[in-house]
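Working notes for the structure below.
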Amino acid sequence: MAGKKCVEIREDLYEKAKRFIEEQGGFQSVEELVEFLLEEALSAEEASGQGMSKEDEEKVKERLRALGYI
Amino acid sequence: MPRRVFILGLDSMPPRVLYEGMDGGGFQYLRSLVDESRRYLLRSCHPPITVPAWMVMYTGKTPGELGIYGFRHRRPGEFGYYIVNSRYVRAETLWDWAGRHGLRAGVYGVPPTYPPKPVHGFMVTDFTTPGPDKPYTFPPWLRRELEQATGPTIFDIVYRSHDKSRVARDLFHMLENHQRQVEYLATRKQWDIFAYVEISVDRAHHAFWKYFDKTHPRYEEHPEYSSVIPRLYRSIDQWFEKLHKQLPRDTVIVIASDHGIKAMKGAFTINQWLAEQGYLRLRVDPRGLKPGTDLREDMIDWQHTTAWAWGGYYSRVFINLRGREKHGAVEPKYYEETLKQLRRDIERIRGPDGEQWKNMAYRPEELYPEVNGDPPDLMVYLDDLNWRPAGTLGWQSNYLPENDRGPDDAVHDWIGVFAVYDPEGTIGRGDAGTIDIHRVRGLLEEIILSKK
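Chains A and B, in that order, are what the protein sequence lines are.
Note that this note's numbering has the first sequence beginning at 3, numbered continuously upward.
Note that this note's numbering has the second sequence beginning at 491, numbered continuously upward.
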């Protein structure tokens, strides 16, 4: 298991998140919710790596040709 | 407290429309804002094209520093090309800067922002997004929220079509989609700066300019098509008036474009010309090919070729340099001389009736303080952009009345707009001269950090 680091967040936001979990369920703690949201936010960034797949690049080339840019 | 700034980006908006009233009655609210604004003539970059121009504006770096000279680029020694995306923009953008200052930024439709990068706020990417099935927002879950609230995102339309009624329908459909989304984001999300680029303005200009601009050499009054551009302006005007009334009263409004637009006089077949001049040796008869055939690697007799070119809104010319290209024929010691000669010959190209053209051929290092990435050997503008360079083959004449890629009425122009409306009156009003597009970023920072 990866180690843990301490991050400070605003108190009102913490309370809001705590209430959210108590009312809606789904998470055991604010910490779990925060970790989950961070992972989700950064997942697309990791997946896209250096940009586009070959297939996507071809799609964009075709569109740019149709638009007359290239 | 920093100033809150909303930037309405109207791709390809020229000063004679926004400042001088050539809008067919479309801009009424925006006109009143512009009249009360500090108005700059915005000098676009080399090349004056959507990519790289918006990123030059938002990073404050020239295309040479960014290493972005258009949508496509060629690695040395390769014939094919790659397309730049947001990952190629390594300089700090205005929204990165805002995040660093604790400010929240909204970014919508700024090219190229796909794939989306993390931003202290939110981002919806631009028309270079491969499709609506891709992760095109930051944070990623914004996509679903936006689609549920406003319908599927429309990134672009196909405007090079003779079915102009369909093009007009698609254009308004896309514009309304963007307007719904931007209004949703601007009124429900937190932001200190909001950068929005509306691409439908550029698409309308390209598709309908000859029905709108009475000075167009092929101007045509049309009962339906002549009203498309004014109606599009009107739609933006009314929508923005409604949005503006919902924004905090002290919001600074910036109206900007990335370049201007003007009538296309025609297209010039740059590779056919290079072949005639002996710079490009082809294994095929270019005039025997189907009109509009792309130049392929196997069509070129590389041992006897000095240069070849790409078309587009400007032309990029490459020297077949030994040691750099796969079948390089030009010895490095003759590189300078070859460029000089080619440049002279390009500058001497004349129009179809022998008229003098204002051609410009630049070496990238003459234009920028730094030249990064994969630049061409020469950057060429024909007749001050009035003639579009066509890279394709198969044409009986080197002068084409139309674009080689399908119907298109317009080419880009050097001068765009940059108008700053400050409801608090701390930013002076009136004409403020010319600003280079790479200086805009600094000005925006000053405005954001200025005191009310």
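Yeah, the Cβ is synthetic: ideal placement off N, Cα and C, and Gly gets one too.
Straight-line CA distance for Gly782(B) to Arg895(B)?
7 angstroms
Counting only beta-carbon separations shorter than 8 angstroms, does Val870(B) have a partner in chain A?
For Val870(B), no Cβ of chain A is located within less than 8 angstroms of the residue's own Cβ.
Name the one or two DSSP bridge partners that Gly756(B) has.
Trp877(B)
Can you tell me the Cα-Cα spacing of Ser805(B) and Val524(B), whole angstroms?
35 angstroms
When burial is assigned at 16 or more other CB atoms within 10 Å of the CB, is Lys848(B) buried or exposed?
exposed
Name the DSSP bridge partner or partners of Leu868(B)?
Val807(B).
Please report the distance separating the alpha-carbon of Asp874(B) from that of Arg739(B).
42 angstroms
Taking 8 angstroms as the threshold, find out whether the region 59 to 69 of chain A comes into contact with the region 652 to 663 of chain B through three or more Cβ pairs.
As far as the Cβ criterion goes, the region 59 to 69 of chain A does not touch the region 652 to 663 of chain B, which means the pair count is below three.
Within 8 angstroms of any Cβ in chain B, is that where the Cβ of Asp14(A) sits?
no
Taking the alpha helix (DSSP H) that Ile743(B) belongs to, which residues open and close that run?
Where Ile743(B) is concerned, there is no enclosing alpha helix (DSSP H), although the beta strand (DSSP E) it sits in stretches over 742 to 746.
Give the DSSP-derived three-state secondary structure of Gly560(B) in the structure shown.
coil
Can you grab the Cα-Cα spacing for the pair Leu939(B) / Arg493(B), in whole Å?
Cα to Cα, Leu939(B) sits roughly 6 angstroms from Arg493(B).
Chain A partners of Asp898(B), CB-CB under 7 angstroms?
Listed along chain A are Gly70, each with a C-beta nearer than 7 angstroms to that of Asp898(B).
Where does Glu10(A) sit, in a helix, a strand or coil, going by DSSP?
Three-state result, Glu10(A): coil.
I'd like to check one pair, Thr796(B) with Thr828(B): are the Cβ atoms closer than 8 angstroms?
yes
The alpha helix (DSSP H) with Glu635(B) in it runs from where to where?
632 to 640
Note down, in chain order, each residue of its chain lying with its Cβ closer than 6 angstroms to the Cβ of Gly841(B), except the 5 sequence neighbours on either side.
Trp847
Using a Cβ-Cβ cut-off of less than 7 angstroms, list which residues of the region 653 to 682 of chain B approach chain A; keep chain order.
none
Taking 8 angstroms as the CB-CB cut-off, is Val9(A) touching chain B?
no
Where DSSP assigns a beta bridge to Glu815(B), which residues make up the other side?
Glu815(B) is bridged to Arg812(B).
Identify the contact partners of Pro620(B) in chain A, using a Cβ-Cβ distance below 7 angstroms as the criterion.
By Cβ distance, chain A contributes Met54, Asp58, Lys61, Val62.
What is the residue span of the beta strand (DSSP E) that Leu532(B) lies within?
528 to 533
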